[in-house]
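Visitor:
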Amino acid sequence: MTTTAKETHSFQTEVKQLLNLMIHSLYSNKEIFLRELISNASDAADKLRFLALENDALYEGDGDLKVELSINKDQRKIIIEDNGIGMTRDDVVANLGTIAKSGTAEFIKQLGDSQDNSQLIGQFGVGFYSSFIVAEQVDVFTRKAGDEQGTHWSSKGEGEYDLEEIEKAKRGTRIELTLREGEDEFLSEWRLRELVRKYSDHVGIPVMLETEKPGESEDDATVIEWEKVNDGQALWTKSKNEISDDEYKSFYHSLGHDFADPLTWVHNRVEGRQDYTSLLYVPGSAPMDLYQREGARGLKLYVQRVFIMDRAEEFLPMYLRFIKGVVDSKDLSLNVSREILQQDQQVTAMKKALTKRALGMISTLSKDEEQYKTFWKEFGEVLKEGIGEDMSNQEKIAGLLRFATSKNSHFDYTETLDGYIERMPEGQEHIYYVIADSVKAASASPHIEVLKKKGYEVILLGDRIDEWMMSYLSEYKDKKFKNAGKGDLNLDEPQTDEEKKAEEEADKAAEPLLEKLKKILESDVSAVKRSHRLTDSPACLVRGEHELGEQMRKIMEAAGQAMPDTKPTLEVNVDHPLLKKIGEASSDERAEALTRLIYDQARIAEGIELSDPAGYVKTLNSLLAELPA
Ligand code: ADP
Ligand code: MG
Numbered sequence: 130m131t132t133t134a135k136e137t138h139s140f141q142t143e144v145k146q147l148l149n150l151m152i153h154s155l156y157s158n159k160e161i162f163l164r165e166l167i168s169n170a171s172d173a174a175d176k177l178r179f180l181a182l183e184n185d186a187l188y189e190g191d192g193d194l195k196v197e198l199s200i201n202k203d204q205r206k207i208i209i210e211d212n213g214i215g216m217t218r219d220d221v222v223a224n225l226g227t228i229a230k231s232g233t234a235e236f237i238k239q240l241g242d243s244q245d246n247s248q249l250i251g252q253f254g255v256g257f258y259s260s261f262i263v264a265e266q267v268d269v270f271t272r273k274a275g276d277e278q279g280t281h282w283s284s285k286g287e288g289e290y291d292l293e294e295i296e297k298a299k300r301g302t303r304i305e306l307t308l309r310e311g312e313d314e315f316l317s318e319w320r321l322r323e324l325v326r327k328y329s330d331h332v333g334i335p336v337m338l339e340t341e342k343p344g345e346s347e348d349d350a351t352v353i354e355w356e357k358v359n360d361g362q363a364l365w366t367k368s369k370n371e372i373s374d375d376e377y378k379s380f381y382h383s384l385g386h387d388f389a390d391p392l393t394w395v396h397n398r399v400e401g402r403q404d405y406t407s408l409l410y411v412p413g414s415a416p417m418d419l420y421q422r423e424g425a426r427g428l429k430l431y432v433q434r435v436f437i438m439d440r441a442e443e444f445l446p447m448y449l450r451f452i453k454g455v456v457d458s459k460d461l462s463l464n465v466s467r468e469i470l471q472q473d474q475q476v477t478a479m480k481k482a483l484t485k486r487a488l489g490m491i492s493t494l495s496k497d498e499e500q501y502k503t504f505w506k507e508f509g510e511v512l513k514e515g516i517g518e519d520m521s522n523q524e525k526i527a528g529l530l531r532f533a534t535s536k537n538s539h540f541d542y543t544e545t546l547d548g549y550i551e552r553m554p555e556g557q558e559h560i561y562y563v564i565a566d567s568v569k570a571a572s573a574s575p576h577i578e579v580l581k582k583k584g585y586e587v588i589l590l591g592d593r594i595d596e597w598m599m600s601y602l603s604e605y606k607d608k609k610f611k612n613a614g615k616g617d618l619n620l621d622e623p624q625t626d627e628e629k630k631a632e633e634e635a636d637k638a639a640e641p642l643l644e645k646l647k648k649i650l651e652s653d654v655s656a657v658k659r660s661h662r663l664t665d666s667p668a669c670l671v672r673g674e675h676e677l678g679e680q681m682r683k684i685m686e687a688a689g690q691a692m693p694d695t696k697p698t699l700e701v702n703v704d705h706p707l708l709k710k711i712g713e714a715s716s717d718e719r720a721e722a723l724t725r726l727i728y729d730q731a732r733i734a735e736g737i738e739l740s741d742p743a744g745y746v747k748t749l750n751s752l753l754a755e756l757p758a
């Protein structure tokens, strides 16, 4: 090999940090380096196959794509060589000197504080750099298909790497790991064979292991043979009954770069008007970028078993972005691009079908309460987005939601809408819910006092997304939803003439008091009304049926949005001793102090900041001071 002068480069800061963290926190999973390197080799084969569709010359006469593993005991090396696409010098610098993934810096910061990082870092997909867990030095020799010039990259994983130009006859990438002291276990054919079977059995190209066999007679030198150690058939192309659960799981581990098992999966072959195979998984935990705009999502797309792209986002809606998997189509064109995917009618039809599949899979999972608890904790909030995003599946998604309700005091998310409806007592027409800053706050909300008293169950909502979600969900199985914090509850409407008359009289009797309150709170509330929903609290704030609720207001205000300046209605419990006191107050000042107090308390109950907290404290204390000792 002729070489030009060596250059030394520094790793991007994030790479240094990641290397450091990874070597320490992934040590107990160190064997995954082989999975990662074989996965890269398989990707490289996929990419070459794809480019060669247009330009057969890229095969350079060798279309037999594979990975070769060999061991050099004397030099304490494992060698992983592929004849895939290879890399140019620029590719090498970009791919093996930086981390392109968005959110890396943020992620590393997160990792910094936690003790057991292996789960997190596993989700991140450690890739090539995992070689340094077992290797004290890594050498990469690579040449891109069709190029003349090869590149040699070399590093000890300590902040720097060397680059030099080389000649390389064979296209593709050869990676040599010089093992650290104590890692000799990997210098064994037996061990490598075991690892390939465990992690890479179903990558789509053959993994060949160089083996030494004893010669015919004792004097003969040993014979070198290449043995195919993996199954070599892409898992999804096999029929379901030929695949064991363990195989499905291990395929997921390499597809999702995840150590943990998936919660569930669904594997389907569709034939007829459309012809495709899909294999979808629900991961065991949410990835760190689930809520990032740029977060990785989408399925791995193949057309007639040719890899087309990672993360094709067009096959599932946003609210199912946590699902990982593969879709392999017979009908799409091999030239399909992202732009085409976005407009293609077949893709639209596939998306519809895959969405149904995915929801069906989640529905099946929901039969297992324990598993579904995990699912809900990890992905429940994302699934809620579907209520507003996917009207055609709204009822199905609503059936998959889990709630805390006033029925149980544990505030755990285990109740369903179907269960709620089943428990509805005679006379209850609506599904009641209340929204607050947390489920616990919702459970103590004054808005639901009368509902609780009547024995009506109330769904307690406390997630940020809930008010948005409920603005799209108006009914479920013919039962209308009713927000306990908005409009009139219209319970126990007076029926007989007598009742009506009594009601009118009560309204009339309350009028002077309401007038008094209204005057005091003129600039704060739009109206003061006699409440039918309070039993214990003196007052609460109520929004109109079609107004934004307090939760949404707070969220939008925090996001810097100007809110329409509509004021809430103050509802008061005229039978409450405090209201009676206001009615009979000895002076205007006293009436005003008490009125402000109940108004401020209603705000507090709603989780809204007081405009004058110090004033509130002062008033309250001066009133408390009058209490007999
Ligand atoms: P990922 O595979 O998730 O992209 P890796 O760290 O495993 O991350 O690899 C980084 C990049 O390096 C790959 O995306 C690829 O472009 C390049 N690469 C790694 N190994 C090979 C290989 N054997 N052949 C060609 N390119 C490779
Ligand atoms: Mg990789």
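Heads up: the sequence shown runs through residues 130 to 758, numbered per my numbering.
The beta carbon of each residue, even a glycine, is placed where N, CA and C say it ideally should be.
Within 6 Å: the Cβ of G256 and any heavy atom of ligand 2?
Guide: Yes, ligand 2 has a heavy atom inside 6 Å of this Cβ.
Visitor: Between which two residues does the alpha helix (DSSP H) holding K195 run?
Guide: Careful: K195 lies outside any alpha helix (DSSP H) and carries neither H nor E.
Visitor: For my contact list, K369 and P335 are in at a C-beta cut-off of 8 Å; report their separation, rounded to the angstrom.
Guide: Rounded, the Cβ-Cβ distance is 23 Å, inconsistent with contact.
Visitor: Indicate, with yes or no, if ligand 2 has a heavy atom lying under 6 Å from the CB of S329.
Guide: Checking every heavy atom of ligand 2 against the Cβ of S329, none is found closer than 6 Å.
Visitor: Provide the residue span of the alpha helix (DSSP H) that contains V763, from first to last.
Guide: Outside the displayed span of the chain (130 to 758) sits residue 763, for which this structure offers no information.
Visitor: Can you check DSSP and say which residues form a bridge with S462?
Guide: Partner(s): none; S462 has no beta bridge.
Visitor: Going straight from the alpha carbon of G616 to that of R672, what length do you get?
Guide: Taking the straight line from one Cα to the other gives about 6 Å.
Visitor: Look up Q266 in the DSSP assignment and say whether it is helix, strand or coil.
Guide: Three-state DSSP puts Q266 in a strand.
Visitor: Where does R398 fall in DSSP's three states?
Guide: Three-state result, R398: strand.
Visitor: Compare the C-alpha of E287 against each of K367, M151, N212 and name the closest.
Guide: Cα-wise, what sits closest to E287 is M151.
Visitor: I need the straight-line Cα distance from T137 to R531, nearest angstrom please.
Guide: Going by the C-alpha atoms only, they are around 56 Å apart.
Visitor: Would you be able to state if there are at least three C-beta pairs under 8 Å between the region 502–510 and the region 401–417?
Guide: Yes, the region 401–417 is in contact with the region 502–510.
Visitor: Measuring only the C-alpha atoms, how far is R326 from N359?
Guide: Cα-Cα distance, rounded: 6 Å.
Visitor: Could you tell me if H331 is buried or exposed, where buried requires 16 or more neighbouring beta carbons within 10 angstroms of its beta carbon?
Guide: The residue is buried, with at least 16 neighbouring Cβ atoms inside 10 Å.
Visitor: May I ask which residues mark the beginning and end of the beta strand (DSSP E) holding M337?
Guide: First-last of the beta strand (DSSP E) with M337: 336–342.
Visitor: Determine the burial state of Q730: buried for a count of at least 16 other Cβ atoms within 10 Å of its Cβ, exposed for fewer.
Guide: It is buried - the Cβ of Q730 has at least 16 other Cβ atoms within 10 Å.
Visitor: Work out the CA separation of V352 and E345 for me, nearest whole Å.
Guide: Between E345 and V352, the C-alpha separation is close to 9 Å.
Visitor: Please report the Cβ distance between N522 and T477, rounded to the nearest whole angstrom; I am assuming they are in contact, meaning their Cβ atoms lie under 8 Å.
Guide: Actually they are not in contact, since the Cβ atoms of N522 and T477 sit about 15 Å apart, beyond 8 Å.
Visitor: Which residue comes first and which comes last in the beta strand (DSSP E) that contains D439?
Guide: Unbroken beta strand (DSSP E) run through D439: 435–441.
Visitor: Tell me, to the nearest whole angstrom, how far the beta carbon of G301 is from that of E210; I am working on the premise that it is less than 8 Å.
Guide: So it is a contact: roughly 7 Å between Cβ atoms.
Visitor: If we call anything under 7 Å between Cβ atoms a contact, is L707 one with P757?
Guide: Not closer than 7 Å, so no.
Visitor: Here's the rule I'm using: 16 or more other beta-carbon atoms within 10 Å means buried, otherwise exposed. How should G689 be labelled?
Guide: Answer is exposed; the Cβ neighbour count stays below 16.
Visitor: Could you give the distance in angstroms between the alpha-carbon of E339 and the alpha-carbon of T280?
Guide: Between E339 and T280, the C-alpha separation is close to 25 Å.
Visitor: Label Q680 either buried or exposed according to how many other C-beta atoms from any shown protein chain fall within 10 Å of its C-beta, with 16 as the threshold for buried.
Guide: Buried, because 16 or more other Cβ atoms sit within 10 Å of the Cβ of Q680.
Visitor: Flag S168 as yes when its Cβ comes closer than 6 Å to any non-hydrogen atom of ligand 2, and as no otherwise.
Guide: Indeed, a heavy atom of ligand 2 lies less than 6 Å from the Cβ.
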